[in-house]
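These notes concern the structure reproduced below.
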Amino acid sequence: MGTAGWCENVIVADADYIDKVAFDLTVNFERMLERRVPRADLARWLDCVALDGGVREGAVRTQVVLIHDKRNARLENFAPSDHAEELDGKAFNDNLGEFLISSLPVESLVSKEDFIDDVLTAVCRQKEVKRVMVVPDTERMYDRVRQALRFVDDDKRVTVFAMQPMPGGNFRQEILGYSLMSALGIRAEELKER
């Protein structure tokens with residue numbers, strides 16, 4: 024990440040948290056919809072997050088930084104899922120441009136919260152970064168994220184994803200559940216029928 028520079032768009036996500044939320048949604052919606060819900064499509068989820076964060080169609084590049092506990096080698100509720108084999112150093116292209124994925128394990132020298140805080144602060148300091156989308160474990164570190172984003176330049180569009188509206192800050196907010204529902208293949212029409 025550091026030597027090649029940063030992309031205009033950056034997604035920083037707590038991979039363990041999104042995996043947990045995807046699991047919770049799967050359990051709840053399987054019961055409600057009375058059908059099996061497949062694992063979440065990671066590329067579709069990243070597209071939804073990028074769109075919610077202001078990325079539009081074109082030949083743009085989006086850097087994805089998935090931060091996970093070292094003992095969690097894979098996402099249990101997403102496909103693809105293996106951090107080392109299927110995600111880290113991989114990329115894909117679609118109508119929103121190229122997505123470059125880094126999957127970073129947190130070593131025991133630092134807490135995951137400190138690591139996410141450091142990555143987020145570093146990303147926000149980069150002049151070339153125009154849009155930052157952050158998906159933290161809001162129950163554990165929302166206040167830290169809000170503090171880290173206090174002094175972000177006004178020319179950056181920062182979007183924080185949470186499962187419910189949170190007290191304001193120097194950023195936009197989006198509901199995480201909508202992008203995850205799309206990635207899980209849950210359609211609004213299905214919910215209206217229930």
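At position 36 of the sequence shown the residue is numbered 59 (the working numbering), and the sequence of numbers has no breaks. Yeah, the Cβ is synthetic: ideal placement off N, Cα and C, and Gly gets one too. Quick caveat: nothing in here was measured; it's all calculated off a predicted structure.
List the endpoints of the continuous beta strand (DSSP E) containing Gln86.
-> Arg84 to Asp92
Which of the three DSSP states, helix, strand or coil, is assigned to Asp39?
-> helix
Could I get the ranges of all uninterrupted beta strand (DSSP E) runs contained in the stretch 114-147, with 3 residues as the minimum, in chain order?
-> 114-117 and 120-129
Between the CA atoms of Val88 and Tyr220 - distance to the nearest angstrom | Lying outside 24 to 217, the shown extent of the chain, residue 220 is not represented and no answer is given.
By how many angstroms is the C-alpha of Ser202 removed from the C-alpha of Glu13?
-> Only positions 24 to 217 of the chain appear in this structure, which leaves residue 13 out of reach.
Between Gln170 and Val133, what straight-line distance do the alpha-carbon atoms span, to the nearest angstrom?
-> 19 angstroms
For Gly25, three-class secondary structure by DSSP | With a pLDDT of only 43 at Gly25, under the threshold of 50, the placement of this residue in the model should not be trusted; the figure read from the coordinates follows. Coil.
Which listed residue (Arg67, Gly208, Glu197 and Lys135) has its alpha carbon closest to that of Met186 = Glu197
Considering only C-alpha positions, which residue in the set Thr85, Val35, Cys30 and Val155 is nearest to Asp177?
-> Val155
Decide if the stretch 44-58 is in contact with the stretch 73-92; the criterion is three or more beta carbon pairs, one per stretch, under 8 angstroms apart.
-> no
Opposite Glu197 in the DSSP bridges: which residues?
-> Phe184
Cα-Cα, which of Gly28, Ile34, Val146 and Ser125 is closest to Phe184?
-> Ile34
Measure the beta-carbon distance from Val152 to Leu143 and round it to whole angstroms, keeping in mind my assumption that it falls under 8 angstroms.
-> Not a contact, Cβ separation roughly 11 angstroms.
Consult DSSP for Ala171 and reduce its assignment to one of helix, strand or coil.
-> helix
Taking buried to mean at least 16 other C-beta atoms within 10 Å of its own C-beta, is Asn116 buried or exposed?
-> exposed
Cβ shell of Gly120 (< 7 angstroms), same chain only, five flanking positions each side left out | Gly81, Ala82, Val83, Arg84 and Thr85
Is DSSP giving Ala73 helix, strand or coil here?
-> helix
Could you give the distance in angstroms between the alpha-carbon of Trp250 and the alpha-carbon of Arg163?
-> Because residue 250 is not part of the residues shown, which for the chain are 24 to 217, the question remains open.
Going along the chain, which residues of its own chain have a beta-carbon closer than 7 angstroms to the beta-carbon of Leu110, five neighbours each way excluded?
-> Leu89, Pro103, Ile124 and Ser126
What residues match up with Val157 in a beta bridge as DSSP calls it?
-> Val35 and Val183
Whose C-alpha, out of Asn118, Pro128, Glu99 and Phe122, is nearest the C-alpha of Ala107?
-> Pro128
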